[in-house]
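When we follow full-length UniProt numbering, the leftmost residue of the sequence shown carries the number 1, and every step to the right adds one.
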Amino acid sequence: MDLAPLLAAGVPLLGWTAHSTFLARRLTTARRDPLTGLLTRDGFTARAERLIRRHPERTTVLLIDLDDFKAVNDTHGHAAGDAVLAATAQRLAAWCGTDGIAARLGGDEFAAVVLDAEHRVPALRGQLMHPVGFGTELLPIRASVGTSHPATLLLTEALSAADRQMYADKPGARTARRR
Numbered sequence: 001m002d003l004a005p006l007l008a009a010g011v012p013l014l015g016w017t018a019h020s021t022f023l024a025r026r027l028t029t030a031r032r033d034p035l036t037g038l039l040t041r042d043g044f045t046a047r048a049e050r051l052i053r054r055h056p057e058r059t060t061v062l063l064i065d066l067d068d069f070k071a072v073n074d075t076h077g078h079a080a081g082d083a084v085l086a087a088t089a090q091r092l093a094a095w096c097g098t099d100g101i102a103a104r105l106g107g108d109e110f111a112a113v114v115l116d117a118e119h120r121v122p123a124l125r126g127q128l129m130h131p132v133g134f135g136t137e138l139l140p141i142r143a144s145v146g147t148s149h150p151a152t153l154l155l156t157e158a159l160s161a162a163d164r165q166m167y168a169d170k171p172g173a174r175t176a177r178r179r
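Take a look at the structure:
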């Protein structure tokens, strides 16, 4: 039996399979924040929209922003800031559990879409207020949390509503939007 035709077809197929696997892994990695392990905005959006479409009446959209986070970096250094971000991500992911999706959108801003969570939001606020250990110090943190229930199936509208509520929750309750 002549193996040349099988090898001629099999080798490229093996190469394409390896390349596809490599690209899939790279894409998965690109959709995860390397510091926190949470989804990035791109990885979060598709999954969150799917969850909202499947369960619009049970979905809560949250936006979380760490208050005065810049002061942590300026006072204690970026390693301390990284510790605060990682602890926040861990607390948010644990709170979401298997009923939700958590993401780090960028900087000190996080988001989540969770099923049947409205009554659990106060517990999340409390968890996010616990100081974060860094070396021999306990770093005080405060987080503002905004929630919304998607009246439509659009994630962007739900995030905008949560953003408005989050800024109303901030210390001093500034009414002006950032940026």
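The beta carbon of each residue, even a glycine, is placed where N, CA and C say it ideally should be.
Quick caveat: nothing in here was measured; it's all calculated off a predicted structure.
Tell me whether I52 sits in a helix, a strand or coil according to DSSP, three-state version. helix
Going by other Cβ atoms of all chains shown within 10 Å of its Cβ, with 16 needed for buried, is P34 buried or exposed? exposed
D67 - DSSP class collapsed to helix/strand/coil: strand
With DSSP collapsed to three states, give me the class of T147. strand
Nearest-angstrom Cα separation, counted from R50 out to A168: 28 Å
Using the Cα positions of I141 and I101, report the straight-line distance between them to the nearest angstrom. Spanning the two alpha carbons is a distance of roughly 23 Å.
Could you tell me if G43 is buried or exposed, where buried requires 16 or more neighbouring beta carbons within 10 angstroms of its beta carbon? By the neighbour-count criterion, in which 16 or more other beta carbons inside 10 Å mark a residue as buried, G43 falls on the buried side.
Three-state secondary structure (DSSP) of R41: Reduced to three states, the DSSP call for R41 is helix.
In terms of alpha-carbon separation, which member of D74, G107, R31 lies closest to A86? The candidate whose alpha carbon is nearest that of A86 is G107.
Using the three-state DSSP reduction, which class does A24 fall into: helix, strand or coil? Here A24 scores only 43 on pLDDT, less than 50, and its place in the model should not be relied on; the value that follows carries that caveat. Residue state, collapsed to three classes: helix.
Once DSSP output is grouped into helix, strand and coil, what is the label at T59? strand
Continuous beta strand (DSSP E) stretch holding L138: start and end: 137–139
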